[in-house]
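In the working numbering, the protein residues as written are 113 to 778. Backbone N, C-alpha and C fix where the C-beta goes; we use that ideal spot for every residue, glycine too. First up is the structure itself, then whatever we jot down about it.
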């Protein structure tokens, strides 16, 4: 069942329109279009017309049943002229003016088709460095980021959303301090997320309280990179922590750990000759979950876990889930061949590695339906078990495709080839934030906890109503504790953690992002990360009162627990936060939200569908018996597109989204 919010988002951004702007397809048409486009490529594997039609019907039902959703470009562009289907790109940024602006042009064209781009600016010489054949000096990486940002601002993705970028700089680059501070002014670089590419050497220097060398990206002395400056590692780390505490950026990406886990990492013999691999990864996509080599692209998709709970609602139906994983891997592998690539160099890199990124959504909702608190040892254990199962089945599916279709072309240079393990795809699993597609699927986003139980909605005429999470509302009404006073208080506070009239067990089950201690966020990400090929996109949320020391502790825990990257966000640490669960007497502060810009900061708001009574049993165990009433009115901010119409501004890693009209800031 597709919710009102899902239909509004689909109407705004996904359904095809004629030359007059009129919608020309419905749900069946949308998913039928996507399925037919993707299934058609299997003709090359010997499928006949009827078999392809049957496969297309299977793919269509997979999406119509909200069991699986591919990334937005696939939904928007499949079956259309110039259908670019990939979500993630990483483009090389060389240290010359022609190359820098060529990459800027390429990024603009990718944004136009709905893709997001990642860049490492680490090859660019530092500011004030000498420029060959010129009397001038270099302007440095940050200055060129502003150029890319302006270009992104001018491009609309598919006519409905702006592009999103990831800008990265190595921690040993001489301009690292400028980079760390480049978004201190939150009006700058609004089309960029920024992350520092952290090396093992730097983290060890922080732990040992040692000095750390900043190295010129191209000049050498006696065969080694020229040391431009030596700093105290802990001083730089403290500056990074300070800015993350203040604004949510920069994030940290553990680049050596990413490369160590990349099957295509370059390896050299003692003489310096490459003996394995084809790349060193330098950057990720905008939300950080998909590391890619220069010029590579990836297709993402996510399975809705809620659809695979067993009849008892106490566990997953592992057999059905395994079958879904196999079908999803096949779908994403087909997307690689159905794709129309924006540039030949991207097509070559993508076809040679055939990376896909299959992940999950609905984790928080599935835990609630099983009666398991997000911040509990049982939830961590379940994440570990699910992650291991997911990885095993996804790899089995890729190996089966390799038997049928052949290994990915670069297999012989990969760690898979070295081990003799046949794989159709260099990497298979990724956990993305699933911002928009989780709304379409009617579930919570990625592996995030709920952001809030209740929020506000403005309707025509200026009336403002409380809107309660449908699953919670269903339980409250069924058990008789749905009262006007209670719902007003929840809307004011966002969560029920301090509503002492409710049982402790219920408050524990319905814990929200800012109720959860940071270490549970980090541990949950780590539980999944150890089983995932690529990376996991998740925000580590902090209460407004959190200290810089707590942020530092989260960063160190992320390193110690094996994460590939970390993003933190302290509640209300940025002006104009896109989604804000207000405290009492603070509603006027939401006025600036309409003009706010994207940051990875505020966590995704989870929108749950209407719930069948049979699914409620485990969650009902903790519910009390109380009175009933109607929902009260309350204040909110507004969407810059639909204004006084009904709106809901949500935050999904790099992007903000109005769930009522489909407006998005990226």
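DSSP, read as helix, strand or coil, puts residue 364 in strand. The Cβ neighbour count for residue 249, taken over all protein chains shown within 10 Å, is under 16; the residue is labelled exposed. With fewer than 16 other beta carbons inside 10 angstroms of its own, residue 262 counts as exposed. It is roughly 11 angstroms from the alpha-carbon of residue 350 to the alpha-carbon of residue 292. Beta-bridge pairing by DSSP links residue 473 to 416. With respect to the 8 angstroms criterion, residue 475 and residue 556 are classified as neighbours on the basis of their beta carbons. Pairing residue 257 with residue 279 gives a Cβ-Cβ distance under 8 angstroms. Between the stretch 128 to 147 and the stretch 171 to 191, the count of C-beta pairs closer than 8 angstroms reaches three or more; the two stretches touch. Around the C-beta of residue 638, 16 or more other C-beta atoms lie within 10 Å, and the residue is accordingly described as buried. Three or more beta-carbon pairs drawn from the stretch 381 to 400 and the stretch 220 to 236 are found closer than 8 angstroms, and the two stretches are therefore classed as touching. Cβ-Cβ separation between residue 533 and residue 470: approximately 18 angstroms, too far for a contact (criterion under 8 angstroms). By the Cβ rule, the stretch 322 to 339 does not count as touching the stretch 644 to 664, because fewer than three pairs are nearer than 8 angstroms. Around the beta carbon of residue 387, a 10 Å sphere encloses fewer than 16 other beta carbons of the protein chains shown; the residue is thus reported as exposed.
A direct Cα-to-Cα measurement between residue 177 and residue 113 gives close to 8 angstroms.
Bounds of any alpha helix (DSSP H) do not take in residue 565, whose DSSP letter is neither H nor E. Just so you know, the alpha carbons of residue 601 and residue 428 end up roughly 34 angstroms apart. The secondary-structure analysis by DSSP pairs residue 182 across a beta bridge with 413. In the three-state reduction of the DSSP assignment, residue 521 falls in the helix class, which pools H, G and I. By the C-beta density criterion, residue 339 is exposed, having fewer than 16 other C-beta atoms within 10 angstroms. Residues 539, 540, 541 of the same chain have their beta carbon placed closer than 6 angstroms to that of residue 645, with the five preceding and five following residues left out of the count. Separation of residue 431 and residue 503 (C-alpha to C-alpha, rounded to the nearest whole angstrom) is 14 angstroms. In the displayed model, residue 432 falls within a helix according to three-state DSSP. Residue pairing by DSSP places residue 651 opposite 679 in a beta bridge.
When DSSP states are grouped into helix, strand and coil, residue 281 belongs to the strand group.
Counting only residues of its own chain and dropping the five nearest sequence neighbours on each side, residue 496 has a CB closer than 6 angstroms to the CB of 639. Non-local beta-carbon contacts of residue 318 in its own chain, meaning distances under 7 angstroms to residues more than five positions away in sequence, involve 345, 346, 349 in chain order. For residue 372 and residue 366, the gap between their C-alpha atoms comes out near 10 angstroms. For residue 521, the closest alpha carbon among the candidates 443, 389, 450, 683 is that of 389. Residue environment: residue 361 is assigned as buried (16 or more neighbouring CB atoms within 10 Å of its CB, all protein chains considered). Around the beta-carbon of residue 597, fewer than 16 other beta-carbon atoms lie within 10 Å, marking it exposed. In this model, residue 164 and residue 172 are separated by some 12 angstroms (Cα to Cα). Judged by DSSP in its simplified three-state form, residue 377 adopts strand.
Pairing residue 216 with residue 254 gives a Cβ-Cβ distance that is not under 8 angstroms.
Cβ atoms of residue 197 and residue 461 stay farther apart than 8 angstroms, at about 15 angstroms.
Secondary structure of residue 662 (DSSP, three-state): helix. Secondary structure at residue 125: helix, using DSSP grouped into helix, strand and coil.
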